[in-house]
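Participant:
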Amino acid sequence: MSRGTAGKYYHSGGSMEKIGFVGLGIMGKPMALNIIKAGYDLTYYARRQDVIDEVSGAGGHSVGSSREVAEAVEIICTCLTADPQVREVILGADGVLEGASEGKLIVDMSTISPLTIREVAKEAEQKKVCVMDAPVSGGDTGAIAGTLTIIAGGPKKDFDRCQGIFEAMGNPDNVFHVGEVGVGQTVKIVNQMIGGANMAVIAEGLTVGVKAGADPQAMAKVIGVSSGNSMLFQIRAEDFLLKDQYAPGFMLDLMKKDIGIGVDLGKSMDIPVPIVAAAYQMYAAASTLGHGSDDFAAVSKAIEKLTGINLGKS
Numbered sequence: 102m103s104r105g106t107a108g109k110y111y112h113s114g115g116s117m118e119k120i121g122f123v124g125l126g127i128m129g130k131p132m133a134l135n136i137i138k139a140g141y142d143l144t145y146y147a148r149r150q151d152v153i154d155e156v157s158g159a160g161g162h163s164v165g166s167s168r169e170v171a172e173a174v175e176i177i178c179t180c181l182t183a184d185p186q187v188r189e190v191i192l193g194a195d196g197v198l199e200g201a202s203e204g205k206l207i208v209d210m211s212t213i214s215p216l217t218i219r220e221v222a223k224e225a226e227q228k229k230v231c232v233m234d235a236p237v238s239g240g241d242t243g244a245i246a247g248t249l250t251i252i253a254g255g256p257k258k259d260f261d262r263c264q265g266i267f268e269a270m271g272n273p274d275n276v277f278h279v280g281e282v283g284v285g286q287t288v289k290i291v292n293q294m295i296g297g298a299n300m301a302v303i304a305e306g307l308t309v310g311v312k313a314g315a316d317p318q319a320m321a322k323v324i325g326v327s328s329g330n331s332m333l334f335q336i337r338a339e340d341f342l343l344k345d346q347y348a349p350g351f352m353l354d355l356m357k358k359d360i361g362i363g364v365d366l367g368k369s370m371d372i373p374v375p376i377v378a379a380a381y382q383m384y385a386a387a388s389t390l391g392h393g394s395d396d397f398a399a400v401s402k403a404i405e406k407l408t409g410i411n412l413g414k415s
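What follows is the structure, encoded as C-alpha cells:
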C-alpha cells in the first residue's frame, strides 16, 4: 500500500481481498468508484446501463445478480435505500447470502434499523458468513470526495479486515468501530434524530423571528456566533433556507425515513421521543407537499405553509 492524498492508502501490488458492491445509487456509485481508485478488484451488480458503463470503464467487473457478486468476492458491500431493499438484496432469492460461503463478509452500508441488520446477521450465521453494519455520513459530496464518516458495528477482526476499503471511501480520521453488529446503525440513527430535529427547529425558529419582524439575514449572523449555532445552521440557514434553494445534498424523504426509524427504535424500548416524533410529522408534511426529493432543509416548507411565511423571500 502507498500513501496518497488526504492520508489515504492505495494498493500498489501484492495480495488483497476481492471486493463486491451492490447498490450503486447516489451514494453507492461514488463509493464503489473510490474502492476501484484505491486499487481493489471490484465486482458489482447494477441495472442501469449508464452506471455499468461508468463503473466498468473505471475497472469494475459487472455481473448479473447480487448472488454472482457474492460468489466472486470475499467482502460484499451493500448500500441500499431502506430495510425492505436490504432484506431483499441480502436474504432474498438470487441474493447476496445465497451466493456467499463460509468466511465471506457482508458489510451493509445502508442506513436501516439496528433490528434489521441483526436479523440479517442471524440468518448469515447459519452459513458461517460474517456481517457488519457500516452506515455512512457525509452525503453524496462526501461519497464523491471519499471523505465519508463510517460508523462500523461488528467484531473487531472484521473491522480490521475492512480498514483499507473503509479508508478508500472515507476520511481515515473518521472511520469508527463503535461496537457489535447493530451498534453502527444505532449511532447513525441517533445522529439523524439529532440532525433532523435540529433542522426542523432552525426552520421553525427563523420563521418565528421573521413573523415577529426580525430581518432573517441579521438573525443568521447573530445566531451563527451564538449558542443557537450548529454545523447544520452554518451549512443550511443562509445557503438553503434564506435563498429558497433546496437542491438535495441529502433528500428530505431519506431524513424522514431515518428519523422514523429513530421513533420506532424508541418505541421498541419504551423510551419516549416526543421531540423527534414531532419533527417526523413536519418532514412527513413537507414530503406530502411535494418536497420529498429536495434537500431535507425543505422541512421549512411545511412550516412556511402553516404560517404564510417564505424565509427565502423575506
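When you line the sequence shown up against this note's numbering, it's residues 102 to 415, in that order.
Glycine is no exception: its CB is placed at the ideal position from the N, C-alpha and C atoms.
With a CB to CB cut of under 6 Å and the five nearest residues on each side skipped, what residues in its chain are close to Gly297?
Facilitator: Met356, Ile360 and Ala380.
Participant: When burial is assigned at 16 or more other CB atoms within 10 Å of the CB, is Glu169 buried or exposed?
Facilitator: Burial call: buried.
Participant: Hey, how far is the Cα of Val400 from the Cα of Val302?
Facilitator: Approximately 10 Å between the Cα atoms of the pair.
Participant: Val208: which of Asp340, Ile404, Arg262 and Ser328 sits nearest, CA to CA?
Facilitator: Val208 has its Cα closest to that of Arg262, out of Asp340, Ile404, Arg262 and Ser328.
Participant: Please report how far the alpha carbon of Cys180 lies from the alpha carbon of Gly247, in whole angstroms.
Facilitator: Looking at the two C-alpha atoms, the distance is approximately 15 Å.
Participant: With distance defined between alpha-carbon atoms, name the residue in Gly124, Gly239, Ala139 and Leu125 nearest to Glu118.
Facilitator: Nearest option by C-alpha distance: Ala139.
Participant: My assumption, with CB atoms under 8 Å, is that Gln130 sits in contact with Val164. Please give the rounded CB distance.
Facilitator: Reading off the sequence, residue 130 comes out as Lys, not Gln. The pair is not a contact, with the Cβ atoms about 16 Å apart (cut-off 8 Å).
Participant: What does DSSP give as the partner residues of Tyr381 in its beta bridges?
Facilitator: Partner(s): none; Tyr381 has no beta bridge.
Participant: Roughly how many angstroms lie between the CA atoms of Gly413 and Ala319, to the nearest whole one?
Facilitator: If you take the alpha carbons of Gly413 and Ala319, they lie about 14 Å apart.
Participant: When we look at the beta-carbon of Val372 and count the other beta-carbons within 10 Å, is it buried (16 or more) or exposed?
Facilitator: Reading the sequence as shown, one finds Ile at residue 372 and not Val. Flag for Ile372 reads exposed.
Participant: Between which two residues does the alpha helix (DSSP H) containing Phe122 stretch?
Facilitator: First-last for Phe122: Ile120 to Val123, but that is the beta strand (DSSP E), not the alpha helix (DSSP H).
Participant: Nearest-angstrom Cα distance between Ala446 and Ala385?
Facilitator: Any answer about residue 446 is impossible in this case: the structure gives the chain only from 102 up to 415.
Participant: Need the endpoints of the beta strand (DSSP E) that Pro215 sits in, please.
Facilitator: Careful: Pro215 lies outside any beta strand (DSSP E), inside the alpha helix (DSSP H) at Pro215 to Glu226.
Participant: Rounded to whole angstroms, what's the CA-CA distance from Val415 to Ala398? Just pull it up for me.
Facilitator: A small correction: the amino acid at residue 415 is Ser; Val does not occupy that position in the sequence shown. One C-alpha to the other measures close to 17 Å.
Participant: Flag this pair as yes or no: are the beta carbons of Val232 and Ser211 separated by less than 7 Å?
Facilitator: Not in contact: Val232 and Ser211 (Cβ atoms no closer than 7 Å).
Participant: Less than 8 Å between C-beta atoms, sequence neighbours within five positions excluded: which residues of the same chain meet that for Asp195?
Facilitator: Excluding positions up to five away in sequence, the list reads Ser166, Ser167 and Arg168.
Participant: Considering only DSSP beta bridges, list what Leu206 is partnered with.
Facilitator: Leu206 is bridged to Ile176 and Cys231.
Participant: Could you please give me the residues that DSSP links to Tyr146 through a beta bridge?
Facilitator: Paired residues: Val123.
Participant: Going by beta-carbon coordinates alone, are Val221 and Ile252 separated by less than 7 Å?
Facilitator: No.
Participant: Report all residues from its chain with a CB closer than 8 Å to the CB of Asp365; omit the five preceding and five following residues, and keep chain order.
Facilitator: Taken in chain order, the residues that qualify are Ser214.
Participant: Starting from Pro273, trace the beta strand (DSSP E) both ways and give me its first and last residue.
Facilitator: Looking at the DSSP string, the run of the beta strand (DSSP E) that includes Pro273 is Gly271 to Gly280.
Participant: Roughly how many angstroms lie between the CA atoms of Ile136 and Glu268, to the nearest whole one?
Facilitator: Spanning the two alpha carbons is a distance of roughly 9 Å.
Participant: In this structure, how does DSSP classify Ile251 when only helix, strand and coil are distinguished?
Facilitator: Three-state DSSP puts Ile251 in a strand.
Participant: From Ile404 to Gln227, what distance separates their C-alpha atoms?
Facilitator: Distance between the alpha carbons of Ile404 and Gln227 is about 49 Å.
Participant: Please determine, among Leu342, Ile290 and Lys406, the residue with the shortest C-alpha to C-alpha distance to Val237.
Facilitator: When only C-alpha atoms are compared, the closest one is Ile290.
Participant: Which of the three DSSP states is assigned to Asp316 in this structure?
Facilitator: Coil, per DSSP.
Participant: Assuming contact is defined by CB atoms lying nearer than 7 Å, are Gln286 and Ile218 in contact in what I supplied?
Facilitator: Yes. Within cutoff.
Participant: What's the call for Asp154, buried or exposed, on a 16-neighbour Cβ count within 10 Å?
Facilitator: Burial call: exposed.
Participant: For Ser163, which of helix, strand or coil comes out of DSSP?
Facilitator: Residue state, collapsed to three classes: strand.
Participant: Report the option in Val230, Ser394 and Arg148 whose CA atom is closest to the CA atom of Glu175.
Facilitator: It is Val230 whose Cα lies nearest to the Cα of Glu175.
Participant: Where does the unbroken alpha helix (DSSP H) through Glu405 begin, and where does it stop?
Facilitator: Segment Ser401 to Thr408, the alpha helix (DSSP H) holding Glu405.
Participant: By Cβ distance below 7 Å, which residues in the same chain neighbour Lys344 in space, the five residues on each side in sequence not counted?
Facilitator: Cβ within range, chain order: Gly413.
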